[in-house]
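Residue numbers (our numbering): 751 to 1530.
In structure tokens, the structure reads:
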């Protein structure tokens, strides 16, 4: 009993001390009261067992009432508030010695009732929304892009970015017959000298009977679509660079032959390394962006460079940049090939320096590489190509994600990021303010702005528009259609706009936003919100969570110590909670849209971050420029900035789960129809328990015409199939590594539908690292 008394005393002292601190911050009194109760139990447990039992029964009953009042009937919040105390009660359930007075007759029924109430909450799912999407065809002749049915010619299958395939061999009824058809390893793995954010995020292209896959270090690989057999490998020979924030390749782009069948590519298996081949005049071309700021044109048949494009197939994207720090600018996303131009943007490192490269978007002739126009959001009116001695605007907002294009309207749609430094707004010009964190429509011919819709005013939170806009023709009340665009955002809104005019289809309103910034900056008094939104409620102290009462208390202390008045609370020296965090509710995985049924499938994520402005004042900051998460210098600014997930001392999110969902919405009505927890903690904990908590993920979905959705993305190593109508998971397969990439689907040469998932892991979220390409098909 001495050991038990010491445990109660030690736990009580910790809770009392932390509880007093929490009260001083204006937080809950529970922990201080609980600490006092446990100290008394510890003092009386050895000599006055009956008193300890009676007091512990009262404490346990009070804790249960408090826990239910805070969290409702929800398993994970209840289990972590009550679980440890239910376990500690077990030694007290028995008398100290035979014949001694006992309070067990009170403690036992309390323990049983509280235990049953807690376990019973497993059957409750208060976060779930049930419903059924309309899966009847609404638009019979829906535009799915100019791509052959069995192919996948662009990142989102076509330049419309729908991630919708017209294939329907795999159905909800036969998906359980899917099995691995082949598996390939690229050989390109994260090395010890690579930056933390070294990730496999690629969605392959399928042209003819060949898959084209790029790797984090910018190898381009051609694979036989039937067997996964390697045809050729081109290595861009990208040098290592510690100043890059990202080392990834999300995909390549394809220019079909000038005439004839767009799938007519006669791939020739390599006799040696493709990069050593003599360059050739190319008809069809692949465009490979690299992390050392080049755009390469590659022959899809042989892997040789295209001599007709730029400098023997290589275009230096650092031309005309005002600053050229190594590793500060590069392209991670595939460019857009449309109407005779290849349009490319780039990523500018967040918060490394005030004076950084420009975020300019440029269009080059697809055959020659000659610059046709440049649109710089810091100088948006002048789109004529710059002269050799001119430079673009310093650090202007960039487009690091994937654009979409409507070749008939002659427009390209850019998901725009922010100007660096992201958390310091005093460096921005009126032009940069207008186009940051928005979607911008440009003329494909001239680069001139056609319209802009902003999603965050004076963005101080790194809420870059992360996702490719999805183009579809939306049915109108009169039975016709209108050209529409849907774009998901980090803050959780899905904006649905007329893509010709930019006018909102679902209403956009302005809501008041918190104020109070550092001297010299300002916060917008209002922020926009879409009529279709997945934004979470404002966090409260009762949302704080942890595996034990101690780390729950410490999260509450942090919550009350940080600056937080809801979404859009400005950054501060004190430290600010950013929720949704800069991983976003949606990220580069975007959403998938079924243009026939006018519905969408997405993966909303809810994970709070913290943002802290660190005054320099000549002080030593220690290690800086640590990537997207960590302390970054902001060279030339009075403040460094530190951003990181809001985690407990045990490294789990401070906010209670679920953290990740799948969700379906009707794009005719703007209603969220269903929303379910997604993913397990199997690969997040020491014990591989497949507990479905709803976990974070990064990646995107693919919808097929049969009503099946495929997606991996979550932090457990699975690819899953879902029923589009209900959102129910109907299939899963274990992956050999993290699947933080968007899958795709196609027909092989035998007419069989294949599903391909790249599984290589994500360096900054800690999923299993690998180099796999995995293909599935139905059993014969």
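Quick reminder that beta carbons are idealized off the backbone N, C-alpha and C, glycines included.
Just so you know, these numbers come straight off a predicted model, no measurement behind them.
Q. DSSP on residue 1303, reduced to helix/strand/coil?
A. Translated into positions along the chain shown, residue 1303 becomes position 553. Three-state DSSP puts residue 1303 in a helix.
Q. Relative to the alpha-carbon of residue 1393, which residue among 1399, 786, 1381, 1385 has its alpha-carbon at the smallest distance?
A. For the purposes of this step, residue 1393 is identified with residue 643 of the chain shown, where counting begins at 1. Selected option, being the one with the closest Cα: 1381.
Q) What span of residues does the alpha helix (DSSP H) with residue 801 cover, start to end? A) For the purposes of this step, residue 801 is taken as residue 51 along the chain shown, with counting starting at 1. 799-821 is the span of the alpha helix (DSSP H), which, as asked, contains residue 801.
Q. How is the beta strand (DSSP E) around residue 1284 delimited, first residue to last?
A. Within the chain shown, residue 1284 is the residue found at index 534, counting from 1. Per DSSP, residue 1284 is not a residue of any beta strand (DSSP E), being assigned neither H nor E.
Q) Leaving out the 5 sequence neighbours to the left and right, which residues in its chain are closer than 8 Å to residue 821 when beta-carbon positions are compared? A) Taking the first residue of the chain shown as position 1, residue 821 is located at position 71. Closer than 8 Å at the Cβ level, and outside the excluded window around residue 821, lie 827, 828, 831, 1292, 1406.
Q: Write down the C-beta distance between residue 1347 and residue 886 rounded to the nearest angstrom, noting that I regard them as a contact closer than 8 Å.
A: By 1-based counting over the chain shown, the position of residue 1347 is 597. By 1-based counting over the chain shown, the position of residue 886 is 136. Contact between residue 1347 and residue 886 is confirmed by a C-beta separation of about 7 Å, below the 8 Å threshold.
Q. Which residues in the same chain have their Cβ closer than 8 Å to the Cβ of residue 1226, if we skip the five residues on either side of it in sequence?
A. Within the chain shown, the letter at position 476 stands for residue 1226. Cβ neighbours of residue 1226 beyond the five flanking positions: 1232.
Q) Should residue 787 be labelled buried (16 or more other beta-carbon atoms within 10 Å of its own) or exposed? A) As a first step, residue 787 must be located in the chain shown, where it is residue number 37. Counting Cβ neighbours within 10 Å, residue 787 comes out buried, since at least 16 surround it.
Q | Meets three-Cβ-pair contact criterion under 8 Å: the region 1372-1392 and the region 1082-1095 | A | Pairwise C-beta distances place the region 1372-1392 out of contact with the region 1082-1095, as fewer than three of them are shorter than 8 Å.
Q.
If you measure between the beta carbons of residue 1572 and residue 834, is that distance less than 9 Å?
A. The structure shown does not extend to residue 1572, since the chain is modelled only from 751 to 1530, so the question has no answer here.
(Q) Comparing C-alpha positions only, which one of 1440, 1441, 1495 sits nearest to residue 1456? (A) If you number the chain shown from 1, residue 1456 lands on position 706. Ranking the options by Cα distance to residue 1456, first place goes to 1495.
Q) For the ligand COA, is there a heavy atom less than 8 Å away from the beta-carbon of residue 1180? A) As for the ligand COA, it is missing from this structure, which has no ligand bound.
**Q.** Segment limits, beta strand (DSSP E) that includes residue 1112
**A.** What you label residue 1112 is simply residue 362 of the chain shown in a count that begins at 1. That run of the beta strand (DSSP E) goes 1111-1115.
**Q.** Buried versus exposed call for residue 1028 [16 or more other C-beta atoms within 10 Å across all chains shown]
**A.** Counting from one through the chain shown, the residue named residue 1028 turns up at place 278. The residue in question, residue 1028, is exposed, as its Cβ has fewer than 16 Cβ neighbours within 10 Å.
(Q) Quick check: the region 1509-1525 against the region 965-983, are at least 3 beta-carbon pairs closer than 8 Å? (A) Contact holds between the region 965-983 and the region 1509-1525, because three or more Cβ pairs, one in each stretch, are under 8 Å apart.
Q | Rounded distance between the beta-carbons of residue 994 and residue 1080, thought under 8 Å | A | As a first step, residue 1080 is located in the chain shown; it is residue number 330 there, counting from the start. As a first step, residue 994 is located in the chain shown; it is residue number 244 there, counting from the start. With a Cβ gap of about 6 Å, residue 1080 and residue 994 count as contacting.
Q. How is residue 1184 classed by DSSP in three states: helix, strand or coil?
A. One-based indexing of the chain shown puts residue 1184 at position 434. Helix at residue 1184.
(Q) Tell me whether the region 1200-1218 and the region 1294-1307 touch, counting them as touching only if at least three CB pairs, one residue from each stretch, are closer than 8 Å. (A) Counting Cβ pairs under 8 Å, fewer than three are found: no touch.
Q | Whole-number beta carbon distance between residue 1441 and residue 1430, since they are thought to touch under 8 Å | A | Translated into positions along the chain shown, residue 1430 becomes position 680. Translated into positions along the chain shown, residue 1441 becomes position 691. Their Cβ separation, rounded to whole angstroms, is 6 Å, which keeps residue 1430 and residue 1441 in contact under 8 Å.
Q: Starting from the N-terminal side, write out each stretch of the alpha helix (DSSP H) that is 4 residues or longer and does not extend beyond the region 1229-1299.
A: Fully contained in the region 1229-1299 is no alpha helix (DSSP H) run of length 4 or more.
Q | Identity of the residue in 797, 809, 760 nearest residue 784 by Cα | A | Walking along the chain shown from the start, residue 784 turns up at place 34. Residue 784 has its Cα closest to that of 809, out of 797, 809, 760.
Q) Thinking just about the alpha-carbon of each residue, which of 1387, 1421, 1355 is nearest to the one in residue 1448? A) In the chain shown, the residue the question calls residue 1448 occupies position 698. Its Cα nearest to that of residue 1448, the residue 1355 stands out among 1387, 1421, 1355.
Q. What separation, rounded to the nearest whole angstrom, lies between the Cα atoms of residue 1275 and residue 1266?
A. Numbered from 1 along the chain shown, position 525 holds the residue referred to as residue 1275. Numbered from 1 along the chain shown, position 516 holds the residue referred to as residue 1266. Going from the Cα of residue 1275 to the Cα of residue 1266 covers about 10 Å.
Q: Specify whether the region 1236-1254 and the region 1196-1206 touch according to this definition: at least 3 beta carbon pairs, one from each stretch, less than 8 Å apart.
A: Between the region 1236-1254 and the region 1196-1206, the count of C-beta pairs closer than 8 Å reaches three or more; the two stretches touch.
Q) Which stretch, first to last residue, makes up the beta strand (DSSP E) that contains residue 856? A) Position 106 of the chain shown, counted from the first residue, corresponds to residue 856. Looking at the DSSP string, residue 856 is not in any beta strand (DSSP E); the run it does join, the alpha helix (DSSP H), is 854-870.
Q: Classify residue 873 as buried or exposed, calling it buried when 16 or more other Cβ atoms lie within 10 Å of its own Cβ.
A: On the chain shown, position 123 is the one that residue 873 refers to. Burial call: exposed.
Q.
residue 1221 and residue 1154 - do their beta-carbons sit closer together than 9 Å?
A. As a first step, residue 1154 must be located in the chain shown, where it is residue number 404. As a first step, residue 1221 must be located in the chain shown, where it is residue number 471. In contact: residue 1154 and residue 1221 (Cβ atoms closer than 9 Å).
Q. Roughly how many angstroms separate the alpha carbons of residue 1353 and residue 1098, rounded to a whole number?
A. Here residue 1353 corresponds to residue number 603 of the chain shown, with the count starting at 1. Here residue 1098 corresponds to residue number 348 of the chain shown, with the count starting at 1. The alpha-carbon separation between residue 1353 and residue 1098 amounts to approximately 26 Å.
**Q.** Where residue 1059 sits in the DSSP three-state scheme
**A.** In the chain shown, residue 1059 corresponds to position 309, counting from 1. Secondary structure of residue 1059 (DSSP, three-state): coil.
Q: Could you pull the start and end residues of the beta strand (DSSP E) that residue 969 belongs to?
A: Counted from its first residue, the chain shown places residue 969 at position 219. Segment 969-974, the beta strand (DSSP E) holding residue 969.
Q: With a floor of 4 residues, list each alpha helix (DSSP H) that falls wholly inside the region 1150-1230, ordered by position along the chain.
A: DSSP runs (the alpha helix (DSSP H)) wholly in the region 1150-1230: 1180-1185.
Q: Verify whether the separation of the beta carbon atoms of residue 1314 and residue 1329 is less than 9 Å.
A: To locate residue 1314, count along the chain shown from 1; it is residue 564. To locate residue 1329, count along the chain shown from 1; it is residue 579. Going by C-beta atoms, residue 1314 is nearer than 9 Å to residue 1329.
Q) At what residues does the beta strand (DSSP E) containing residue 1391 begin and finish? A) Locating residue 1391 in the chain shown gives position 641, where the first residue counts as 1. Its beta strand (DSSP E) spans residues 1389-1395.
Q: Quick one: give me the first and last residue of the alpha helix (DSSP H) that residue 831 is part of.
A: Counted from its first residue, the chain shown places residue 831 at position 81. Segment 825-839, the alpha helix (DSSP H) holding residue 831.
Q.
Looking at residue 1514: is its Cβ nearer than 9 Å to the Cβ of residue 947?
A. For the purposes of this step, residue 1514 is taken as the residue at position 764 of the chain shown. For the purposes of this step, residue 947 is taken as the residue at position 197 of the chain shown. Yes.
Q: Please report how far the alpha carbon of residue 840 lies from the alpha carbon of residue 773, in whole angstroms.
A: Sequence index remark: in the chain shown, residue 840 carries index 90 (1-based). Sequence index remark: in the chain shown, residue 773 carries index 23 (1-based). The alpha-carbon atoms of residue 840 and residue 773 are separated by roughly 30 Å.
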